[in-house]
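Asker:
Protein chains in written order, with our numbering: chain A, 1 to 345; chain B, 1 to 345; chain C, 1 to 345.
#1: When the Cα atoms are used, what is the spatial distance from residue 136 of chain A to residue 320 of chain A?
#2: For residue 121 of chain B, return the contacting residues in chain A, with the cut-off set at a CB-CB distance below 9 angstroms.
#3: Quick check: what's the CA-CA separation for residue 177 of chain A versus residue 160 of chain C?
#4: Drop a sphere of 10 angstroms on the beta-carbon of residue 288 of chain B, count the other beta-carbons inside from all chains shown, and report buried for 16 or more, exposed for fewer.
#5: Along the chain, where does the beta strand (DSSP E) containing residue 385 of chain A start, and where does it finish?
#6: If the cut is a Cβ gap below 7 angstroms, which residues of chain A does residue 145 of chain C touch?
#7: Residue 322 of chain B versus chain C: which residues are under 7 angstroms apart at the beta carbon?
#8: Using a Cβ-Cβ cut-off of less than 9 angstroms, give me the residues of the stretch 73-107 of chain C that come near chain A, in sequence order.
#9: Can you tell me whether residue 64 of chain C is buried or exposed, with buried defined as 16 or more other CB within 10 angstroms of its CB?
#10: Give the straight-line distance between the Cα atoms of residue 141 of chain B and residue 300 of chain C, rounded to the nearest whole angstrom.
#11: So residue 91 of chain B is in the alpha helix (DSSP H); what residue range does that whole segment cover?
#12: Among C/294, C/238 and C/253, which residue has its Cα nearest to the Cα of residue 286 of chain C?
#13: So, for residue 227 of chain B: in the same chain, excluding its five sequence neighbours on each side, which residues have a beta-carbon less than 8 angstroms away from its beta-carbon?
#14: With the cut-off set at 8 angstroms, would you say residue 260 of chain B and residue 284 of chain B are in Cβ contact?
#15: Determine, using beta carbons only, whether residue 35 of chain A comes closer than 8 angstroms to chain C.
#16: By Cβ distance, which residues of its chain are closer than 8 angstroms to residue 111 of chain C, with the 5 residues on each side in sequence left out?
#17: If contacts are defined as beta-carbon pairs under 8 angstroms, then residue 200 of chain C and residue 94 of chain A qualify, I think. What distance do you get, rounded to the angstrom?
#18: Please classify residue 103 of chain C as buried or exposed, where buried requires at least 16 other C-beta atoms within 10 Å of its C-beta.
#19: Starting from residue 342 of chain A, follow the alpha helix (DSSP H) in both directions and report where the run begins and ends.
#20: Give me the chain B residues within the contact set of residue 339 of chain A, using Cβ-Cβ distance strictly less than 7 angstroms, ordered along the chain.
#21: Would the beta-carbon of residue 179 of chain A fall within 8 angstroms of that of residue 143 of chain C?
#22: Going by beta carbon distance, what residues of the same chain come within less than 6 angstroms of residue 225 of chain C, once the five residues before and after it are set aside?
#23: Taking residue 63 of chain B as part of the alpha helix (DSSP H), name the residues at either end of that continuous run.
#24: Counting only the same chain and skipping the five closest in sequence on each side, list residues whose C-beta sits under 8 angstroms from that of residue 266 of chain B.
#25: On the criterion of 16 or more Cβ atoms from any shown chain inside 10 Å, does residue 188 of chain B qualify as buried, or is it exposed?
#26: Counting C-beta neighbours from all protein chains within 10 Å, is the total for residue 223 of chain A 16 or more, i.e. buried, or is it exposed?
#27: Select from the stretch 166-190 of chain A all residues with a C-beta closer than 8 angstroms to any C-beta belonging to chain C, and list them in chain order.
#28: Name the residues in the stretch 190-213 of chain B whose C-beta lies less than 8 angstroms from a C-beta of chain C; which are they?
#29: What number of angstroms, rounded off, separates the C-alpha of residue 175 of chain A from the C-alpha of residue 331 of chain A?
#30: Closer than 8 angstroms, CB to CB, is residue 227 of chain C near chain A or not?
#31: Are there 16 or more other CB atoms within 10 angstroms of the CB of residue 343 of chain B, so buried, or fewer, so exposed?
#32: Which of helix, strand or coil does DSSP assign to residue 50 of chain C?
#33: Could you please tell me which residues of the stretch 279-308 of chain A, in chain order, have their CB closer than 7 angstroms to any CB of chain B?
#34: Drop a sphere of 10 angstroms on the beta-carbon of residue 115 of chain B, count the other beta-carbons inside from all chains shown, and report buried for 16 or more, exposed for fewer.
#35: Listed from N- to C-terminal order along the chain, which residues in the stretch 16-32 of chain A have their beta-carbon within a distance smaller than 9 angstroms of any beta-carbon of chain C?
#36: Inspect the beta-carbon positions of residue 329 of chain C and residue 322 of chain B and report whether they are closer than 8 angstroms.
This is the structure in structure tokens:
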């Protein structure tokens, strides 16, 4: 197992070391679980009380913690960006990543009319249909399904058991996690003379570059045209993106959130876990929707929305405090009643 | 790429043409994104303001829009059912559907004791276990798993990476989207002398005809007997249907909604996105449950339920308006107090 | 089909028989659907009204129902634990379980450097990567993916199309249902100089013994260290467990619930359907969270939490009754106003 001195780590992080620089560190852990040969971190004064009881040998500190009282049984490294620094340290001790052999596994079923780039991995029992095009340096892991005429860019990682259906496109340097389904039919039906009629879903899903899609998330193909996930969008697990949705650059949808048909998220929007966005609405750039909220109407840029139906934070807090304010008001009314009764006597 | 004149399109739709009937159209788009060689539609007066700025060459109109002011740079086709008409036009320009070869891919693992009908597609790396029966004209796409003694009707489409577990049945002309899991064990446990004991789940899932099941949706097998999805039911993505649930004809469950054990939906019920239905309750025919609602008790036929716990729309609106009504009442009480104080002086 | 007399069933259950002990029973059903040759059960006085109209030949009763009025057209068997007894009877009539052949299917792709125990089933088109270790008597069903260096214990059942990613571990006698994804990357990003930067997720998921994981549920790998599911935990379908979560012994998470990063559930906690647990909080032993609730803050042992943000049951009920209490108060204020006006005249 790799090991480094506190001094070596501080140099790597370009951080300021306080205390014994000869400590030897062979792993990372949380403050709570760390032992003397592990490095941990404290990024927020709020958790300062966890510092004293921790057994961590070395602790990375953000600058706002630096001036707090620091127990002298530990070595500290003060960093400009403690989150980034800790990620670097994690990397030092991380096991090597899986190496995917750059060839086509003999059990994979690759259609002769598919086009496979250079340095591509196609895992065991993966399926690549006719007309699909796979860019250089891309990994199609075991059991993944790449449909007819699908186009995937370069350096993209498709994890095991992902499904990408006909004609959809995925850009460069994307990561699609296991169980994600790209391009199932949008949910569209209308009443017909003999019952419910399916509305054909003839569009595609277009995923641009540097997008990450979580495990078992589903992104439906458009009724026509495209459902469009733009560059740098990050989507967590078990999220639903309905047909004809547009998600603009660098927006995030957290686990189990959903967005209904034809709605659009601006740039840098954050939809927190389990929140739902109605169909045919616009969420402005930089808006934030709190977890479990239900957003029925469009939101302006920068809005913060919470609750169902979603309100401003102020409205939400006012609603929350209503029961206690009601009790106070009731008491006042009772007192008034007594006074009025005494006046009426 | 196919192209048609406005006249040809109007004839096909049996619609009434207004304006230049010679325009040539080669695709479909939304009002917002359309160009001069594309057809779009306006089905609702509410969106009338989108008409003027649109560059669409041809616009399909519903009859209620026909008498509104119409910019004369476009050709209009007035249709009885604009939704249906637009679907037909989409069909004109849609790329050809995937053609599944009607044979068994050499990498598929079909048990010799499975029975495969005529004109059946079994895709690459699909698995069909012993005793399974697949009806004529059905497609079992790549990577799908068809368990022991499963029965699937005719003309059904099982998308890639669907899982159907032992003894479950699927009717005719159904569509099961990728990642759907039919027949996992219901979630049943009881306290036992040495901890939690699993309650065996020995029933099946029965899916009748013309049912559509969304991507990554799960329908659990019954504890005994069957979980039953009746004809024409349409279920969206990431929905949970628990053991022993019955969903009657033509009901819909939208994305991320769920229904707990032994509950029953009547006919034509709509459960909107992210709503939850408690166990052991009945939802009457034609009832509608709003998105994100939590329904704890049975609902009568035709009910409209909203909120958690679900209320009538009137109750929900009353609850919504409570904060502003509270402020008004508080002001009145404050005024009363002053008056009473002046009387008491 | 198997059949048994009421007497034989009563003896097997060690229950007390009331009525005709010669009735012949060949199946199980609910009170509502049962016929004369079926056995049903009544475990709760609350459902006593279902007894008279039922056609069941034999009904299992819990002791609290025994002294209620019992229609004399049926045979009754009074049982100490009617739920357990009914499960035993279901077992009598259940179809035989699927038998998985104890070998490696020729279409499975098992890396030569994987270690496969004795009496193991590896289904068609399953994939087992380099360095994986599979314990004795374990079933890896068709289409499942077992990643590099994954370790799985003995007697565990991995259903078709499950995905377990590199280095994760699963204990003995676990059941993982179809579509579950174990060990996808946790959702971790931070703002960087050129946009969003992915935080490496280098830890694992550790699942201990006797754990059950529902269909299409996702459990993400830790940022470092492990996401930890301890013994006897039972997780339902479409649940999200985020990175670095710890779930202690015998806790349950019901369908579509979720728990955010670094939070911890105590022992014997129940998180009901669609509920969400915030990140970095602690839920005490034995706490119960109601369905659809959103828990923002830590809960003490034994807490019962309901609503969003979660409150005590008392607070929740107070909030629920607010609209009707408001109307009453408003009426009182109106009356007071009139009285004060009359005094001021």
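Note that beta-carbon positions come from the ideal geometry of N, C-alpha and C, so glycine has one too. Remember, it's a predicted structure, so these values are computed and weren't measured experimentally.
Answerer: Reading from the atomic positions:
#1: 54 angstroms
#2: Near residue 121 of chain B there are no residues of chain A at all, since even the closest Cβ is about 12 angstroms away, more than 9 angstroms.
#3: 18 angstroms
#4: buried
#5: Absent from the model: residue 385 of chain A. The displayed extent of chain A is 1 to 345, so no value can be given.
#6: 142, 143, 160 and 161
#7: 322, 323 and 326
#8: 107
#9: exposed
#10: 50 angstroms
#11: 82-93
#12: C/253
#13: 186, 203, 204, 205, 206, 219, 220, 221, 241, 242, 243, 244, 245 and 246
#14: no
#15: no
#16: 128, 129, 130, 131 and 132
#17: 7 angstroms
#18: exposed
#19: 322-344
#20: 340 and 344
#21: no
#22: 203
#23: 63-66
#24: 248, 251, 282, 283, 284, 285, 286, 287 and 301
#25: buried
#26: buried
#27: 175, 177, 178 and 179
#28: 190, 192, 195, 196, 197, 198, 199, 200 and 202
#29: 59 angstroms
#30: no
#31: exposed
#32: helix
#33: 294 and 308
#34: exposed
#35: 27, 28, 29 and 30
#36: no
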